[in-house]
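Residue numbers for the sequence shown follow this note's numbering, beginning at 7 and rising by one.
Note that CB positions come from ideal geometry on N, CA and C, so glycine has one too.
Worksheet: one structure, shown below.
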Amino acid sequence: MAVPKFAASRSFHAELKRRINIYFEENEKSTTGNASLFVKAVVLTATFVALYVHLVFFTPSVWLGVAESVLLGLTGAAIGFNVMHDGAHGSFSKSRWLNQFASFTLNVMGGSSFMWNAKHNLIHHMYTNIEGVDDDIDAQPWLRLSSTQPRHSMHRFQHLYFWFFYSLLFIAWIFFMDYQKYFKGKIGEMPIKKMEPTDHVVFWSFKLLNLFLFVGLPLYTLGFVSWLVGFLIFMAVAGFSLSLVFQLAHTVEHTSFPMPHETTGKLEDEWAIHQIKTTANFATHNSVISWLVGGLNFQVEHHLFPTISHVHYPALSKIVRQACEEFGITYNDYPKMRYAVASHVAHLREMGRA
């Protein structure tokens with residue numbers, strides 16, 4: 007399909023940016039991360055390294071190994087939410103190299119920061135929830151996430167089996183989807199920019215590094231069975247955590263899945279309003295969840311201002327909510343995470359039946 011076109015910008019987005027700029031000016035704050043974010047990054051990274059070293063080189067007992075593999079998956083996901091995500095958006099630090107360093111944690115984990123930038127920063131953030139463009143809602147044929155997608159008989163049960171496919175996300179991501187994008191030169195039907203020689207070197211170098219760190223070395227030190235069990239647990243926990251957080255932000259009952267006009271290719275709303283309608287917050291008053299998921303429970307604020315670090319989202323959410331009330335725009339917010347989970351399951355059930 008052709009690239010959709012948004013309605014001409016109106017006063018809402020301009021007014022929203024004006025208020026956000028005033029907030030940072032009056033409080034004399036930088037839009038990037040702060041000391042608390044840097045400390046969090048060190049704590050999470052050190053925890054991940056410690057768990058990895060103990061699992062690979064000290065061969066814990068079976069049950070301790072299982073527990074540590076679960077924690078490794080959770081910590082890996084937390085690094086993705088808190089460190090990699092901000093780094094990839096250029097909001098982790100004022101320093102460009104530090105942002106790149108933070109984003110490269112994805113490469114060490116096995117993903118490709120180049121593909122992530124194209125898939126997430128450029129496509130998903132611009133064309134959120136638009137079928138045929140936003141790759142994040144394309145889980146076909148296994149899951150039907152939008153009414154614009156074809157329905158198969160197995161989708162009647164997707165609200166029961168979704169967790170299985172969410173658990174497969176990370177392993178499919180690093181061992182299949184990245185390579186698919188690399189060789190096709192496309193994300194879905196959207197072409198990606200030409201890779202420079204250094205991009206190819208980085209892609210293959212880190213893929214090989216990941217295979218060494220998470221397959222070759224532990225396979226050598228632990229043996230096949232112990233490695234396989236720990237590896238699958240790590241991958242499943244990380245994949246499910248990543249999937250669930252991102253799905254709660256966009257595929258719930260109250261988010262929309264707009265499609266451009268068949269002839270003109272135009273969308274009904276301007277970009278900022280489109281982002282609000284296709285996005286939802288959850289558990290924004292739960293400081294523990296906010297800390298663990300890197301502020302991605304403030305998804306509305308993140309989609310409106312992706313280059314601002316998540317440490318500022320609690321303050322920005324008050325400004326955005328007030329502006330939405332004044333302009334008559336619905337602000338999707340689930341006060342508790344379990345409400346968002348229930349809404350996601352209800353959405354999957356509805357998509358499987360309708």
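Integer Cβ distance of residue i from residue j, believed to fall under 8 Å
i	j	result
Ser247	Ala83	4 Å
Asn135	Thr284	4 Å
Tyr133	Pro10	6 Å
Leu354	Phe240	In fact, because the Cβ distance is near 26 Å, the residues do not count as touching under 8 Å.
Leu254	Ala348	About 10 Å; that fails the 8 Å criterion.
Met343	Ala286	The pair is not a contact, with the Cβ atoms about 12 Å apart (cut-off 8 Å).
Phe311	Leu302	Phe311 to Leu302, Cβ: 13 Å. No contact.
Cut-off 7 Å between Cβ atoms - residues of its own chain near residue i, not counting five sequence neighbours on either side
i	result
Gly96	Asn105 and Thr313
Glu74	Leu57, His60, Leu61 and Pro66
Ser99	Thr38, Gly39 and Asn105
Pro197	Gly191
Phe63	Thr227
Ser249	Tyr172 and Leu175
Residues bridged to residue i [DSSP beta-bridge criterion]
i	result
Thr288	Reading off the sequence shown, one finds Phe at residue 288, where the question assumed Thr. Phe288 is bridged to Tyr340.
Ile193	Met196
Lys11	Lys272
Residue i classed as buried or exposed, judged by whether at least 16 other C-beta atoms fall within 10 angstroms
i	result
Lys190	exposed
Val361	Given a span of 7 to 360 for the chain in the structure shown, any question on residue 361 remains unanswerable.
Glu307	buried
Glu137	buried
Phe182	exposed
Gly222	exposed
Phe170	exposed
Contacting residues, own chain, Cβ-Cβ under 6 Å from residue i (five flanking each side not counted)
i	result
His161	Arg150 and Gly358
Gly93	Asn105, Ala108 and Ser109
8 Å Cβ cutoff, residue i in contact with chain C
i	result
Asp205	Of the protein chains in this structure there is only one, and it is not chain C.
Should the segment 316-335 be regarded as contacting the segment 257-270, the criterion being three or more beta carbon pairs within less than 8 Å? The answer is no - the segment 257-270 does not touch the segment 316-335, with fewer than three Cβ pairs under 8 Å.
When you compare the segment 191-211 with the segment 118-129, are there three or more beta-carbon pairs, one atom per stretch, that lie closer than 8 Å? Taking one beta carbon from each stretch, the segment 191-211 and the segment 118-129 have 3 or more pairs nearer than 8 Å; the two touch.
Counting pairs of beta carbons, one from the segment 147-155 and one from the segment 271-279, are three or more of them closer than 8 Å? Output reads no: the segment 271-279 does not touch the segment 147-155.
Taking contact to mean at least 3 C-beta pairs separated by less than 8 Å, is the segment 51-69 in contact with the segment 262-271? Short answer: they don't touch.
Between the segment 28-41 and the segment 205-218, do three or more beta carbon pairs fall short of 8 Å? The segment 28-41 is not in contact with the segment 205-218.
Between the segment 112-119 and the segment 162-181, do at least 3 Cβ pairs fall closer than 8 Å? The segment 112-119, when compared against the segment 162-181, does touch it at the 8 Å Cβ threshold.
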